Every structure is written in C-alpha cells, then in structure tokens.
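Asker:
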Amino acid sequence: MVNASIDDRTLAESMGLDAEDVRRRKDFLEFGAQDIALLNDLHQRLDLDGAAFADAFYARLQADAEAGKLLQDAGQLASLKQKQLTYFEQLGSGEYGLEYALARMRVGMAHQAAGLKPKWHLGDYGRYLASILPEMLRHCGGDQQKLLATMSALIKRTLLDSQISLDAYFQSEHELLRLLSQAFESNIEAVFIADMKGKVLHANRTVIEICGFLPEELAGKPWQHLFADQQSEALAAIRQTVANGGRWQGEAWLCHKSGKEFPAWINVSSVKDDNDAVTHFIVEFSDITAFKRTQQELAERTEELAHSNRELEQFAYVASHDLQEPLRMVASYTQLLARRYKDKLDADANEFIHFAVDGATRMQALIIDLLTLSRVGTHGKPIELCESGVALDRAIANLRLAAEESGAVVTRDPMPKLTADISQLTQLFQNLIGNAIKFRGETSPVVHVGAEKRDGEWLLSVRDNGIGIAPEFFERIFVIFQRLHGKHEYPGTGIGLSVCKKIVERHGGKIWIESEPGKGTVFYFTLPVNHGERRRHGE
Numbered sequence: 016m017v018n019a020s021i022d023d024r025t026l027a028e029s030m031g032l033d034a035e036d037v038r039r040r041k042d043f044l045e046f047g048a049q050d051i052a053l054l055n056d057l058h059q060r061l062d063l064d065g066a067a068f069a070d071a072f073y074a075r076l077q078a079d080a081e082a083g084k085l086l087q088d089a090g091q092l093a094s095l096k097q098k099q100l101t102y103f104e105q106l107g108s109g110e111y112g113l114e115y116a117l118a119r120m121r122v123g124m125a126h127q128a129a130g131l132k133p134k135w136h137l138g139d140y141g142r143y144l145a146s147i148l149p150e151m152l153r154h155c156g157g158d159q160q161k162l163l164a165t166m167s168a169l170i171k172r173t174l175l176d177s178q179i180s181l182d183a184y185f186q187s188e189h190e191l192l193r194l195l196s197q198a199f200e201s202n203i204e205a206v207f208i209a210d211m212k213g214k215v216l217h218a219n220r221t222v223i224e225i226c227g228f229l230p231e232e233l234a235g236k237p238w239q240h241l242f243a244d245q246q247s248e249a250l251a252a253i254r255q256t257v258a259n260g261g262r263w264q265g266e267a268w269l270c271h272k273s274g275k276e277f278p279a280w281i282n283v284s285s286v287k288d289d290n291d292a293v294t295h296f297i298v299e300f301s302d303i304t305a306f307k308r309t310q311q312e313l314a315e316r317t318e319e320l321a322h323s324n325r326e327l328e329q330f331a332y333v334a335s336h337d338l339q340e341p342l343r344m345v346a347s348y349t350q351l352l353a354r355r356y357k358d359k360l361d362a363d364a365n366e367f368i369h370f371a372v373d374g375a376t377r378m379q380a381l382i383i384d385l386l387t388l389s390r391v392g393t394h395g396k397p398i399e400l401c402e403s404g405v406a407l408d409r410a411i412a413n414l415r416l417a418a419e420e421s422g423a424v425v426t427r428d429p430m431p432k433l434t435a436d437i438s439q440l441t442q443l444f445q446n447l448i449g450n451a452i453k454f455r456g457e458t459s460p461v462v463h464v465g466a467e468k469r470d471g472e473w474l475l476s477v478r479d480n481g482i483g484i485a486p487e488f489f490e491r492i493f494v495i496f497q498r499l500h501g502k503h504e505y506p507g508t509g510i511g512l513s514v515c516k517k518i519v520e521r522h523g524g525k526i527w528i529e530s531e532p533g534k535g536t537v538f539y540f541t542l543p544v545n546h547g548e549r550r551r552h553g554e
C-alpha cells in the first residue's frame, strides 16, 4: 500500500469535517444528549483501559494471516496504537464533538496508510462491541427500557464512528488517487496502462504531444498500434519480459498519428496483484529524435577533432624534424662565423652574430617544449602502478648540475606507490623542482617534496623558499607562453607549467598554487591512488 502524504487538516477539509458537520451527523442519527449521558454512565461503570483495548485490538488483527502481514513494522504498529488510544480517550470524555471526530478520522487515515482494509478493522471493532454487551446487561440489570435505550445509544455511536472512519479511509484513498492521477497526467513522458491482452486502458495527455493521438483514441486499442513496422523483435522482447513480471528498457521506433516514424526511449513495467500475478503493464516513452540528432552531431564533431588531432600530430612530426634541421644549420654556421671572424669584425657585427645564435637556440628550445606539450596526451606511456620515488630520483638526477651550481637542497616525504605514467611523473617533478631552483632569492634554494593521502587520492606538493608569486598571477602562470619575468632575468620558454598542468589533468588530477611575493611558493597537485589500494580500502 502506498502511504499517502496527506495531513490532517487537508483531509478534514476535503471531508468537510468541522463542528457543524459533526452536529449534522449526530442530528441525522438522532444521537442526542440522552444517548451521550447513557454511554458516559456505561463507560464509568465499565472503567475500560484504553491501552489494554488498543493492545487487544491489534493483537487480534496480527493474528489474521492476511492482515498480520501489514502490521510487522514495530514503529508503525506503535503509531497505530497511539492513535487508537487517543480516540479511546475521546470516547471517555463523553463530548462527541469535533475533537472526537478528528481522533476517529486519524484512525481511519492510519488504517488506509497501513493498507488495513475496512473489513478487518470494522470486524475487530464488532468483536469489541460484542465483548461489552454482557457488561451492559449487568449494568442495566432487569431494566429493559434502560437496556434498550443504552443499546440504541451504542448503535448510534457505532454508526457515527463507522461513518467518520470509513469517510476518512476512502477520502484518503481518493486524495492519494488524485495525487497519483495528477503525477500521471503531468508526466513529461507519454504513459499508458494496458491489460495483459495488450489493450490500452488509459493514456496520459502527453501522448498527444509525442504521437498525436488523443488518449481516448488509444483507449481500447492494441498497444502495438503505436509501434512502427519492422519492430517485431522489440515487441517480442517486451511481451516476454512483461509476462515474466520484469521491466524492459530500450530504444524502438514508434509511429506518429501522421504516419511519421520516430525513435523513442521506452520503459515497460509489469504490475502485479496481491498474489504476485501480473495483471497489467505500464509503458512510458519519449521522443529521442533531438537526442539522436545531437548524438550524431557529437559523433561527427568527435571525428572532426580526431582528424584535427591527427593533423596536429603530423605537424608536430614535421616540426621535430624539418624545422629543427635548418635551425641547427643556422646556429652552427652562425657560431662558425663567430669563431672564424672574431676580432675581425666590429662590435656591432659581433652583437648581431650573438643575437642570431641566441635566437636560433631559443627557437630550438621553444620547438622542443611545444613538442613536449603536444605529446602529453598522445605519446604518453601507459598509466600503471609505479613508484613515485623512482620518478623523483630521476628528476633530481636530471637537475644535478643546476642544483650544485645553486647550492640547492631537496628533501622529501616518503613517496607512495601510485597509478601514473612514470616518465611524465618524472617530467612533472623535474619542471616544478627546476622552477624552484631557477626562481630563487638571495639564499640557496631549499625545496621539499611532500606526499599525503587524502580523500581517495594522493596530494603531492613541491615547496620552495624562492621569490614567490603574487595571487593575481596564480591562473596566468599555467597558460602557455605566459611569463612573469623577462628572458634575460630568468631563461625559459614559458611552457613548463603548461606541461605540468596537462600531465596532471591527463592523470585525472588538478594542480594549483599557494604563494606570496618574497615568501616562497607551494605547488600542489593530486594523483589517484593505485587500484589495489582502492580495492583494499573500498575506495
């Protein structure tokens, strides 16, 4: 049973239950002051225990094989008993006004929400009434007139109780059905319900927008009527799945009322009765023409990008061979001129030769760095389990001369095993430590490489005591060719940190910076833990 989320006030308003309504109900039953007085007198003499009544009431329901299945939740059972106890207290107050009616309404609501059918709780209520008849006979003694009057009052109150309880029960059902109907009709997908013979029983209004049919046009027709020709395989799969009580999802071609066929995404769910037998099925579908068009455009765009990448790779190959060779010749012959004609040319000529050699050398460095950047994603080695300490050792070895010349000291935390391309990890460490050595202050560089596991990934860092970077440049430094200093102050092409960013992103991580001018810099980057650790730790 679906639990209706309907509050007391909403249900009372929908029932028209107020003080005036309670008065009219009592007047119609001719349930008056004399009846109430007789019942109050009976209750006082019987001295009934409300808690014992509630326990006994639900114990009998739990003993029933069918009803007992619905009362297995201890919290729900306690709530039901509390509502019955509140109702019983209202009986004892002897007023039979609005508060009594609301207490009775809440019991009816609770029974509906629990799925307890009226036949069960009214039958149980009948047992309660039968149990107090002997006590009523003793109470009235031999006074037949009093006995008849008390019995008449009890019958009237029973009818009033039943009225309010059943009204609440069925009004809750009605409100729930109204909410479900509203959800059904407002669904952005087309929905219809069919019986096991395939006949459409009801369709929502969205079918008009998607396939052009009015709901009443589909009612009574075979649901296969909506499917395009050549869909026998999908129809057979749906029938088999529904017959077995399962759920089918997939794409199929449907037919618009105009005759135009369109692709649809379809969900088909079976509906079962209390005996777990399939009685109906629900079909939900939506037009995915726009989605398929977008998918096709995306595939074409992906192919265009792949083609563009292939062209860039070809350009990179040309740049690595055809462009570098003439540059080497220019540099070599310019250097030869410098050696052969040194002191034979004037100062201007020597300066011009120096500029030519320097330009050719820097162009070679720029091409090499551009090739490195372009190949991060396409020419990398497999990302696999490796020792990051080995990559760090290689990076420090490559920087040995620069470290000795500057007096740099590099320290480290214990380095982890992680999942990475070890060659690119070496390059990443080399670029970051190399920057720490290059952009040093007046004191010798002190560099520390840190590693810390955090939230299912490794957080690594390279900390230095160098010149630092102002916050407004934090994003700019990762952009290709973005230099913060002139080439004469600090040599380089302005590509190194772009390479670092691309390497980290290829590994699924991110890189960022913390720094202040004159107070050193920390580069942080994240890398995934190795897959074995993920499995062991459930990450």
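If you read the sequence shown in the numbering used here, its first letter stands for residue 16, the second for the next number, and so on. Positions of the beta carbon are idealized from the N, C-alpha and C atoms, including for glycine. Just so it is clear, the structure is predicted and the values come from calculations on it, not from any experiment.
Is the Cβ-Cβ distance between G260 and A249 less than 8 Å?
Answerer: One-based indexing of the sequence shown puts residue 260 at position 245. One-based indexing of the sequence shown puts residue 249 at position 234. Their beta carbons are not under 8 Å apart, which means G260 does not touch A249 by this criterion.
Asker: Have a look at H295 and K287 and give me their C-alpha separation to the nearest angstrom.
Answerer: Here residue 295 corresponds to residue number 280 of the sequence shown, with the count starting at 1. Here residue 287 corresponds to residue number 272 of the sequence shown, with the count starting at 1. Spanning the two alpha carbons is a distance of roughly 7 Å.
Asker: Alpha carbon to alpha carbon, what distance is there between R220 and E204?
Answerer: As a working mapping, residue 204 is identified with position 189 in the sequence shown. As a working mapping, residue 220 is identified with position 205 in the sequence shown. Roughly 10 Å between the two C-alpha positions.
Asker: Mapping DSSP to helix, strand and coil, what is L499?
Answerer: Numbered from 1 along the sequence shown, position 484 holds the residue referred to as residue 499. At L499 the pLDDT is 48, less than 50, meaning the model places this residue with poor confidence and gives no usable figure here.
Asker: Give the secondary structure of Q264 by DSSP, where H, G and I count as helix, E and B as strand, and everything else as coil.
Answerer: Along the sequence shown, one-based indexing puts residue 264 at 249. DSSP places Q264 in strand when its eight states are reduced to three.
Asker: Who are the Cβ neighbours of H503 in its own chain at under 7 Å, not counting the five residues just before and after it?
Answerer: The residue labelled residue 503 in the question sits at position 488 within the sequence shown. Note on H503: pLDDT 48, under 50, position unreliable in the model; no value is reported.
Asker: Hey, out of D479, A48 and F103, whose CA is closest to A168's CA?
Answerer: Your numbering for residue 168 matches position 153 in the sequence shown. For A168, the nearest C-alpha among the options comes from A48.
Asker: Is it buried or exposed for N290, if we count other Cβ within 10 angstroms and need 16 for buried?
Answerer: By one-based count along the sequence shown, residue 290 stands at place 275. It is exposed - the Cβ of N290 has fewer than 16 other Cβ atoms within 10 Å.
Asker: Give me, in chain order, the residues of the same chain whose beta-carbon lies closer than 7 Å to that of A556; leave out the 5 immediate sequence neighbours on both sides.
Answerer: Coverage of the chain is limited to positions 16 through 554, which leaves residue 556 absent and any answer about it impossible.
Asker: Going by the beta-carbon positions, is the gap between L131 and L181 smaller than 8 Å?
Answerer: Locating residue 131 in the sequence shown gives position 116, counting from the first residue. Locating residue 181 in the sequence shown gives position 166, counting from the first residue. No, the Cβ-Cβ distance between L131 and L181 is not below 8 Å.
Asker: Classify E299 as buried or exposed, calling it buried when 16 or more other Cβ atoms lie within 10 Å of its own Cβ.
Answerer: Taking the first residue of the sequence shown as position 1, residue 299 is located at position 284. Burial call: buried.
Asker: Whole angstroms is fine: what's the gap from A69's alpha carbon to L54's?
Answerer: Numbered from 1 along the sequence shown, position 54 holds the residue referred to as residue 69. Numbered from 1 along the sequence shown, position 39 holds the residue referred to as residue 54. Roughly 20 Å between the two C-alpha positions.
Asker: Beta-carbon within less than 7 Å of L352's beta-carbon, same chain only, minus the 5 sequence neighbours each way: which residues are those?
Answerer: Residue mapping note: residue 352 aligns to position 337 of the sequence shown, counting from 1. I368.
Asker: Three-state secondary structure (DSSP) at E150?
Answerer: Stepping through the sequence shown from its first residue, residue 150 is reached at position 135. In this structure, E150 counts as helix in the three-state DSSP scheme.
Asker: From which residue to which residue does the alpha helix (DSSP H) around A243 run?
Answerer: As a working mapping, residue 243 is identified with position 228 in the sequence shown. Neither: A243 is in no alpha helix (DSSP H) and is coded neither H nor E.
Asker: Could you spell out the range, first to last residue, of the alpha helix (DSSP H) harbouring K516?
Answerer: Counting from 1 along the sequence shown, the entry for residue 516 is found at position 501. Run containing K516: G511 to R521, per the alpha helix (DSSP H) assignment.
Asker: Please report the distance separating the alpha-carbon of F228 from that of V293.
Answerer: In the sequence shown, counting from the first residue as 1, residue 228 sits at position 213. In the sequence shown, counting from the first residue as 1, residue 293 sits at position 278. For F228 and V293, the distance between alpha carbons rounds to 27 Å.
Asker: So K525 is in the beta strand (DSSP E); what residue range does that whole segment cover?
Answerer: Position 510 of the sequence shown, counted from the start, is the residue given in the question as residue 525. From DSSP, K525 is part of no beta strand (DSSP E); its letter is neither H nor E.
Asker: Would you call Y356 buried or exposed, if buried means 16 or more other Cβ atoms sit within 10 Å of its Cβ?
Answerer: Numbered from its first residue, the sequence shown carries residue 356 at position 341. Flag for Y356 reads exposed.
Asker: Taking the CB atoms as reference points, tell me whether E472 and T541 lie closer together than 8 Å.
Answerer: Numbered from 1 along the sequence shown, position 457 holds the residue referred to as residue 472. Numbered from 1 along the sequence shown, position 526 holds the residue referred to as residue 541. Going by C-beta atoms, E472 is nearer than 8 Å to T541.
Asker: May I ask you to verify whether the stretch 148-157 touches the stretch 111-118, counting CB pairs closer than 8 Å and requiring at least 3?
Answerer: In short, these stretches do not touch, since the Cβ pair count stays below three.
Asker: Between G274, G107, V425 and E188, which has its C-alpha nearest M124's C-alpha?
Answerer: As a first step, residue 124 must be located in the sequence shown, where it is residue number 109. Residue E188 is the option with its Cα nearest to M124.
Asker: Taking DSSP as the reference, what is the three-state secondary structure of D302?
Answerer: What you label residue 302 is simply residue 287 of the sequence shown in a count that begins at 1. Note: D302 maps to strand in three-state DSSP.
Asker: Assuming M430 and S403 make a contact with CB atoms under 8 Å, what is their CB distance in whole Å?
Answerer: Reading the sequence shown from its first residue, position 415 is the one you call residue 430. Reading the sequence shown from its first residue, position 388 is the one you call residue 403. Their Cβ separation, rounded to whole angstroms, is 5 Å, which keeps M430 and S403 in contact under 8 Å.
Asker: Y184: which of W135, A243 and H522 sits nearest, CA to CA?
Answerer: In the sequence shown, the residue the question calls residue 184 occupies position 169. Cα-wise, what sits closest to Y184 is W135.
Asker: For the beta strand (DSSP E) that contains A218, what are its first and last residues?
Answerer: In the sequence shown, the residue the question calls residue 218 occupies position 203. Segment V215 to A218, the beta strand (DSSP E) holding A218.
Asker: Does DSSP classify L400 as helix, strand or coil?
Answerer: Stepping through the sequence shown from its first residue, residue 400 is reached at position 385. L400: strand per DSSP, three-state reduction.
Asker: Measuring straight from C-alpha to C-alpha, what distance separates C270 and Q186?
Answerer: Here residue 270 refers to the residue found at position 255 when the sequence shown is read from its first residue. Here residue 186 refers to the residue found at position 171 when the sequence shown is read from its first residue. C270 and Q186: Cα-Cα distance of roughly 40 Å.
Asker: S29 to D42, Cα distance in whole Å?
Answerer: The count along the sequence shown starts at 1 and reaches residue 29 at position 14. The count along the sequence shown starts at 1 and reaches residue 42 at position 27. Their Cα atoms are separated by approximately 21 Å.
Asker: Who pairs with S29 in a beta bridge, going by DSSP?
Answerer: The count along the sequence shown starts at 1 and reaches residue 29 at position 14. S29 is not bridged to any residue.
Asker: Give me the residue from L61, D62 and A93 with the minimum Cα distance to F72.
Answerer: Along the sequence shown, one-based indexing puts residue 72 at 57. Closest by alpha carbon: A93.
Asker: Taking the C-alpha atoms as reference points, what is the distance between K359 and E366?
Answerer: For this step, residue 359 is matched to residue 344 along the sequence shown. For this step, residue 366 is matched to residue 351 along the sequence shown. Cα-Cα distance, rounded: 13 Å.
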